[in-house]
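A.B. asks: Protein sequences, first through last, are from chains A and B. Going by the numbering used here, the final residue of the first sequence carries number 283, and the count climbs one at a time with no gaps. Going by the numbering used here, the final residue of the second sequence carries number 118, and the count climbs one at a time with no gaps.
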Amino acid sequence: MSGESGGTAETHMSDLLRSRRDAVLGRWVELVTEGTRGRITEREVRTELTELYDLVERALGDDDGTTGGELRAALGDISRNRARQGFSPTETATSVYALKRAVHEQLKESGDERGHAGFIEFSAYIDELGLATFEAYAAAREQVISDQAEQLLELSTPVVKLWDGILALPLVGTLDSARTQVVMETMLQTLADTGSRYAVIDITGVPAVDTEVAQHLLKTVMAARLMGAECVISGIRPQIAYTIAALGIEFGDIVTKASLADALEHALRGSGLRVVGGTDA
Amino acid sequence: MRQIPILKIGELLLVSIQIDLQDQTVVALQEDLAEEIVRTGARGVIIDISAVDIVDSFIGRMFSTIAAMSRLMDAETVVVGMRPAVAITLVELGLSLDGVRTALDLEQGMRLLESSLGER
């Protein structure tokens, strides 16, 4: 049995893990499955944990630490998956810590006094692994957040065609440098692709215009002008007009209109088109 | 250094830049263009930069100089086909190409010049 072979504490634990493999692993899977409340099946948990268990067992046994790296990589994968599936940090870390409980129960059952010294070291090792899990989890969440921010950026900058040669950019949300850059690039590219002469930037959905936002808008308009297109800024609400005037922001000779309809009319007239009413057209 | 060809179409001169611009090339172009405007009595100049990837501040300013120079000789300048990336660069550099008219492509540029020449 494990008691006789014990050299160092670590090999002692490694022996215990090997000899009572089924009992410890079974209890571990049980504990973790309980914690996931049915979000992943027991079978999946078993596959994941069996792999981990083998690695932990080998990592405790070998001295050069090569298995340690493998173990960390496997843990990283699991934590990343958990983060994407929406598990909380506690739930993720608990799946590692549950191993301690499973081992401790087995240790008590076996009544082996010498095992306790080994268990303390083992426990410290598992704590370390738990922290590694946590770190991987946090990194995965950061990744999710930055991915979403990028998607949001793409979502929020559509370029729509209002008429032949007239584009519109309905801007919603705060304009910052990064967004202006995206807006500018998409707009200029679409101008070049479609050969449109007019672009209407509608800022109805922009909550506030300060000097910075105005600066960004001016840059976009200037760039469009360099390419040979005219930009009209529309959707300037009364309070925004008031702010712009109060801040003393100069829009120079850039055409600004109160509503998108006015801007469209301006662009249509500039293209030599006229909207005619009546049934006898 | 390679020379940039200047083509005459009716009352207009067409300069189509197909190579990466260097400072000397642009200076030479400026001189050639001035002579050509006088020789042909052109009323308008179209500079097509749709194939140009990189424009620095010197070349950007050169467009303004060419426009000012042509205007003195009663010819209007239109820069056509500027790429989005180039436009963004110029704006970031703080150049607005004062006095230079722009159009999206050659066709629109010619229409722009024709209509403004027709008014005179």
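Backbone N, C-alpha and C fix where the C-beta goes; we use that ideal spot for every residue, glycine too.
1. Nearest by alpha-carbon distance to B/Val13: which of B/Ile35, B/Gln22, B/Asp21 is it?
2. Let me check you understand the geometry: is the CB of A/Val184 closer than 7 Å to at least one non-hydrogen atom of the ligand NAP?
3. Just verifying my parser: in three-state terms, what is the DSSP assignment at A/Ser198?
4. Measure the alpha-carbon distance for B/Ile52 versus B/Asp18 and round it to whole angstroms.
5. Between the segment 138 to 147 of chain A and the segment 75 to 89 of chain A, do three or more beta carbon pairs fall short of 8 Å?
6. Return the CA-CA distance between A/Gly70 and A/Glu32, expressed in angstroms with no decimal places.
7. Using a Cβ-Cβ cutoff of 7 Å, what residues of the segment 177 to 198 of chain A are near chain B? List them in chain order.
8. Taking the alpha carbon of B/Gly92 as the reference point, which residue from A/Leu57, A/Leu220, A/Val277 has its own alpha carbon closest?
9. Listed in chain order, which residues of the segment 88 to 103 of chain B have Cβ atoms closer than 9 Å to some Cβ of chain A?
10. Below 8 Å on the Cβ atoms is my guess for A/Thr245 versus A/Val211; work out the distance and round it to an integer in Å.
11. Let me confirm a value: B/Gly119 is counted as buried when at least 16 other C-beta atoms fall within 10 Å, else exposed. Which label applies?
12. Which residues in chain B have a C-beta closer than 7 Å to the C-beta of A/Ala170? List them in chain order.
13. Starting from the beta carbon of A/Ala231, find every residue of chain B whose beta carbon is closer than 7 Å, and list them in chain order.
14. Give me, in chain order, the residues of the same chain whose beta-carbon lies closer than 7 Å to that of A/Arg29; leave out the 5 immediate sequence neighbours on both sides.
15. May I ask you to report which of helix, strand or coil DSSP gives B/Val49?
16. Check the Cβ-Cβ distances between B/Ala85 and every residue of chain A, and say whether any is below 8 Å.
17. Alpha carbon to alpha carbon, how far is A/Thr92 from A/Ser7? Give it in angstroms, no decimals.
18. If you run the structure through DSSP and keep just helix, strand and coil, what is B/Ala101?
19. Going along chain A in order, which residues have a C-beta closer than 7 Å to the C-beta of B/Met71?
20. Taking only the alpha-carbon atoms, compute the straight-line gap between A/Leu15 and A/Gln183 and give it to the nearest angstrom.
21. Would you grab the beta carbon distance between A/Gly78 and A/Tyr99 for me? Rounded to a whole angstrom, and I think it's under 8 Å.
22. Do the segment 61 to 72 of chain B and the segment 100 to 110 of chain B touch if we need at least three Cβ pairs shorter than 8 Å?
23. Would you report the Cα separation of A/Asp167 and B/Val77, rounded to the nearest angstrom?
24. Please work out which residues of its chain come closer than 7 Å, Cβ to Cβ, to A/Ala134, disregarding the five sequence neighbours upstream and downstream, and give them in chain order.
25. Looking at the C-beta of B/Arg145, does it have a partner C-beta in chain A at a distance below 8 Å?
26. Can you name the start and end residues of the alpha helix (DSSP H) that A/Ile242 belongs to?
27. Can you tell me whether B/Ser55 is buried or exposed, with buried defined as 16 or more other CB within 10 angstroms of its CB?
28. Output needed for A/Ser81: all residues of its chain with C-beta closer than 7 Å, excluding positions within five of it in sequence on either side, in chain order.
C.D. replies: A quick look at the data gives this:
1. For the residues B/Ile35, B/Gln22, B/Asp21, the minimum Cα distance to B/Val13 belongs to B/Ile35.
2. Of the ligands one can find in the structure shown there are none, so the ligand NAP has no counterpart to examine.
3. Under the three-state reduction of DSSP, A/Ser198 is assigned to coil, being neither helix nor strand.
4. Cα-Cα distance, rounded: 7 Å.
5. Counting Cβ pairs under 8 Å, three or more are found: they touch.
6. Computed Cα separation, rounded: 25 Å.
7. Met186, Glu187, Leu190, Gln191, Leu193, Ala194, Gly197: these are the residues of the segment 177 to 198 of chain A whose beta carbon lies less than 7 Å from some beta carbon of chain B, given in chain order.
8. Across the set A/Leu57, A/Leu220, A/Val277, the C-alpha of A/Leu220 shows the shortest separation from the C-alpha of B/Gly92.
9. In summary, the residues of the segment 88 to 103 of chain B whose CB is separated from some CB of chain A by less than 9 Å are Leu88, Val89, Glu90, Leu93, Ser94, Leu95, Val98, Arg99, Thr100, Ala101, Leu102, Asp103, in the order they occur in the chain.
10. Yes, A/Thr245 and A/Val211 are in contact; Cβ-Cβ is about 6 Å, under 8 Å.
11. The structure shown has nothing for residue 119 of chain B, since chain B only spans -1 to 118.
12. Those do not exist, as A/Ala170 stays about 17 Å from chain B at its closest Cβ, beyond 7 Å.
13. Ordered by position in chain B, the residues that pass the 7 Å Cβ test against A/Ala231 are Leu102.
14. Take A/Arg29, set aside five residues on each side of it, and the residues of its chain with a beta-carbon closer than 7 Å to its own are Ala104, Glu107, in chain order.
15. Residue identity check: residue 49 of chain B is Ala in the sequence provided, not Val. Here DSSP, grouped into helix, strand and coil, assigns B/Ala49 to coil.
16. For B/Ala85, the closest Cβ of chain A is nearer than 8 Å.
17. Model confidence at A/Ser7 stands at a pLDDT of 42, short of 50, so the residue's coordinates are unreliable and nothing is read from them.
18. In the structure shown, B/Ala101 sits in a strand (DSSP, three-state: E or B).
19. Those do not exist, as B/Met71 stays about 23 Å from chain A at its closest Cβ, beyond 7 Å.
20. Before going on, a small fix: residue 15 of chain A reads as Met here, not Leu. Cα-Cα distance, rounded: 58 Å.
21. Going by Cβ atoms, the distance from A/Gly78 to A/Tyr99 rounds to 17 Å, so no, they are not a contact pair.
22. Segments in contact, no.
23. In the sequence on display, residue 167 of chain A carries Gly and not Asp. The straight-line gap from Cα to Cα measures roughly 19 Å.
24. Closer than 7 Å at Cβ, skipping near neighbours: Arg74, Leu77.
25. Not covered by the structure: residue 145 of chain B. The range shown for chain B is -1 to 118.
26. Per DSSP, A/Ile242 belongs to the alpha helix (DSSP H) from 240 to 249.
27. Counting Cβ neighbours within 10 Å, B/Ser55 comes out exposed, since fewer than 16 surround it.
28. Cβ neighbours of A/Ser81 beyond the five flanking positions: Thr94, Thr135, Ala138, Tyr139, Ala142.
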